[in-house]
Amino acid sequence: MHRGLVTDSKVILGISSSPAGLAALRFAVNVARERDVSLWAVRSWVLTSSPRSPQIWAWEQAMEADARRFVHAAFHDALGAVPRDVSLIVRTPPGGAGAALAGYATDEDDLIVVGASRSRWWLRPVVRDALCPVVTVPPPVLARLSGRRLAREAATALSRGAAGLRS
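Numbering of the sequence shown is given in my numbering, commencing with residue 2 and proceeding in unit increments.
Laid out in structure tokens, this is it:
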């Protein structure tokens, strides 16, 4: 895509604080920069409730505010701050993540970005219903290791470093 071209395309990011979610955030920011399009950060929420009482509306407002804080915290964790050179639009819809992400894709040039998850049940509707490509970003290599293997790798690296200091 060429800079300065009028387009409604966007990068739609499912926000998660998992290692894969934070990697997806970094990836999505880079793609939005490269394409010179807006980045839609989406964090959905679910409040199981019955009839609409005034107390429920207050809870829904609190859930939406919490989702917004979660989005900003994810940017802080992944990048240190919200990037100033990317047009960020935060969406915090009620409902499931899959439907929300697919629903925001309105153009074939859009791109949905999510972090890989062990539970993929919520991702199926996104892939099935989206009008645009869906990219799943894996977690960093160290996040994929089991706790025991990570400890073993760290011990090996430390012993190599200590041996190098003695020589």
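All C-beta atoms in this analysis are idealised placements derived from N, C-alpha and C, irrespective of residue type, glycine included. Only a predicted model underlies this, so the values are computations on that prediction, with no experimental measurement involved.
{"query": "Grab the span of the alpha helix (DSSP H) containing R119 for me, first residue to last.", "result": "Looking at the DSSP string, R119 is not in any alpha helix (DSSP H), and its letter there is neither H nor E."}
{"query": "What are the start and end residues of the alpha helix (DSSP H) that includes A21?", "result": "20–36"}
{"query": "Measure the C-alpha to C-alpha separation of E65 and W46 and round it to an integer number of angstroms.", "result": "7 Å"}
{"query": "For P134, which residues in the same chain have their Cβ closer than 6 Å to its Cβ, ignoring the five residues on either side in sequence?", "result": "L112"}
{"query": "May I ask you to verify whether the stretch 81–100 touches the stretch 31–45, counting CB pairs closer than 8 Å and requiring at least 3?", "result": "yes"}
{"query": "Given a threshold of 16 other Cβ atoms within 10 Å of its Cβ, counted over all protein chains shown, does I13 qualify as buried or as exposed?", "result": "buried"}
{"query": "Please name the residue, chosen from S17, R161, A117, that lies closest to A74 on a Cα-to-Cα basis.", "result": "S17"}
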